[in-house]
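Each remark here refers to the structure printed beneath this line.
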Amino acid sequence: MSVERLLMCARRPVLSFDYDRRRACAVGTGTILDRARLPLELTTHGKSAVYAKRVDMWWRRRAIPSSRDGIRRALDLLGVRSTVDLLNRSYGLSLSDQYWVRDASDPVRWEDVNFFDNPFDEEFGRMLLTPVSSSHGFSLNVPDASTGGDLPKRWTIGPSGVRVLVKGGRTGQEPVNELIASRLARGLGIRAVEYRLGEYGNRPVSLCDEMLSRDEELIPAWQLMGSIKRDNRLSMRDQWLSDAVSLGCTRKAVSDATDDWLLVDWLVRNIDRHYNNFGLIRNVDSLEVRPAPLFDTGMSLWAGELRVDNADYRTKPFYSTYKAPTALRQLRLIADWSRYDLDVLADWPDEVAHRLTANGMLSPVRIEAIRSSLVKRVATAVTVRDETVSSNHGTTCLTIPRPTPDRSTDDLPMPSSSDAEDPFPGPALSVADDAGLR
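If you read the sequence shown in my numbering, its first letter stands for residue 66, the second for the next number, and so on.
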């Protein structure tokens, strides 16, 4: 039996399509009701793609990835076959955008169900973060059912009503890395998510406040770049800038934001910047666009690696298809060094060492190796800045040989299998005041 369903963007219907309840899938081709607000995942090379298979793919991508740490245990406790089945028991609402799906005959209103304004059951989220949790008597229509990424995480509501993302790690170092990176960004005058540390189930976690309002959506870079035809004359960085401008962002704003994470990623040696953890924020009413702040820097400071060294390495995202090491080459993509006062980094390696020592999870020998490596990374950043400034004034500077691209790898940016859905900033919230997080 087929029923008509509506894909909604907050209060606005954007797509009508038929849905087969027995097979739990879309059928036929949908009817576009609001092209400007259609999810970018339903557009390829500038052309809408609203046939059943594509609509189903969009829906599946909203579900928790099957690679999420601990998700199999949670599904078994619930008696649910997959994360998509879990999502099927909800409206597909999220705290990352304004999209949801309802039957055309269902009178439910956005004002009554969205998670930005309405309370939600937190028991399922607790199950995702702790091995001991009840599987009975709670709702699955929760934001945790549509939160991406491999690392364990959950949404909660703080005492003041702010939505807070609680995120764990695999090595225990990731939460403190998020704090270190956000404080580094603040010192450099870079817009970034404000992270803080907490404890949950005797494990360290990072906490950050929702950065979107009820009128905004996060558009990851891969969604935007996958919707626009690739210009092979452009580098991946320039392609990203061009696509962001085409959506309404100013080139200066997106270039500066890109420079920001290029610099921070180099300094903290982040190895996991991908097309799903940088992007744009769009107001779904006015369609105004701005760059998203810096977020998701947990895979840095040699977390989970055996050795601490400063050898060049293959980096993401702009040179992810190259076989040769490219981290230094990517640092040289920074367009405007004049925005940064690198003198503020003089004591930063010592501050990082102090923070890692206070965390108590790393040996003094490893912490010292990290500190000394960061001193060298700061010095390299200063050197590259000076060379770039000299080059822009017409003098000769050192150049890096162009690495050979690996043509066997697809250039099309797609979601990374690593942790992708990430926290959003807002007003500071005391960890001590977060009820139920300890």
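We put the beta carbon where it would ideally sit given N, CA and C, even for glycine.
With a threshold of 6 Å on Cβ separation, who are the neighbours of Asp-99 within its own chain once the five nearest residues in sequence on each side are excluded? Arg-77, Val-79
When the distance is taken between beta carbons, is Val-258 closer than 8 Å to Pro-104? no
Excluding five sequence neighbours on each side, which residues of the same chain lie with their C-beta closer than 6 Å to the C-beta of Leu-86? Leu is not the amino acid found at residue 86; the sequence shown has Arg there. Result list for Arg-86: Met-66, in chain order.
Quick one: using the 10 Å Cβ neighbour count with 16 as the cut-off for buried, is Leu-352 buried or exposed? exposed
Should Gly-213 go down as buried or exposed, given a rule of 16 or more other Cβ atoms within 10 Å for buried? buried
Within 8 Å, do at least three Cβ pairs link the segment 312 to 321 to the segment 225 to 236? no
Are there three or more Cβ pairs, one per stretch, closer than 8 Å when the segment 276 to 287 is compared with the segment 336 to 346? yes
For Arg-450, name the three-state secondary structure that DSSP assigns. helix
Touch check for the segment 415 to 423 and the segment 431 to 447: three-plus C-beta pairs under 8 Å? yes
Taking the beta strand (DSSP E) that Lys-232 falls in, what are its first and last residues? 228 to 232
Would DSSP call Gly-144 helix, strand or coil? coil
Excluding the 5 residues preceding and the 5 following Asp-121 in the sequence, name in chain order all residues of the same chain whose CB lies nearer than 7 Å to its CB. Cys-90, Ala-91
Considering only DSSP beta bridges, list what Thr-236 is partnered with. Bridge partners of Thr-236: none, in fact.
Inter-residue Cα distance where the pair is Trp-220 and Asn-242: 20 Å
Pull up the distance between the alpha-carbon of Lys-381 and that of Val-68, whole angstroms please. 43 Å
Beta-bridge partners of Glu-243, as assigned by DSSP: BP columns for Glu-243 are empty, so no partner.
Going by DSSP, what residue range makes up the beta strand (DSSP E) through Arg-268? 268 to 274
DSSP-derived helix/strand/coil call for Asp-215: coil
In whole angstroms, what is the alpha-carbon distance linking Tyr-84 and Tyr-384? 41 Å
Among residues of its own chain, excluding the 5 on either side of Gly-237, which ones have a beta-carbon nearer than 6 Å to its beta-carbon? Pro-269, Met-426
Beta carbon of Val-329, beta carbon of Leu-249: below 8 Å? yes
Straight-line CA distance for Pro-445 to Asn-375? Pro is not the amino acid found at residue 445; the sequence shown has Thr there. The straight-line gap from Cα to Cα measures roughly 10 Å.
Residue span of the beta strand (DSSP E) that contains Gly-263, given as start and end: 261 to 265
Buried or exposed: Lys-218, going by 16 or more other Cβ atoms within 10 Å of its Cβ? buried
Does the beta-carbon of Arg-102 have 16 or more other beta-carbons within 10 angstroms, so that it is buried, or is it exposed? buried
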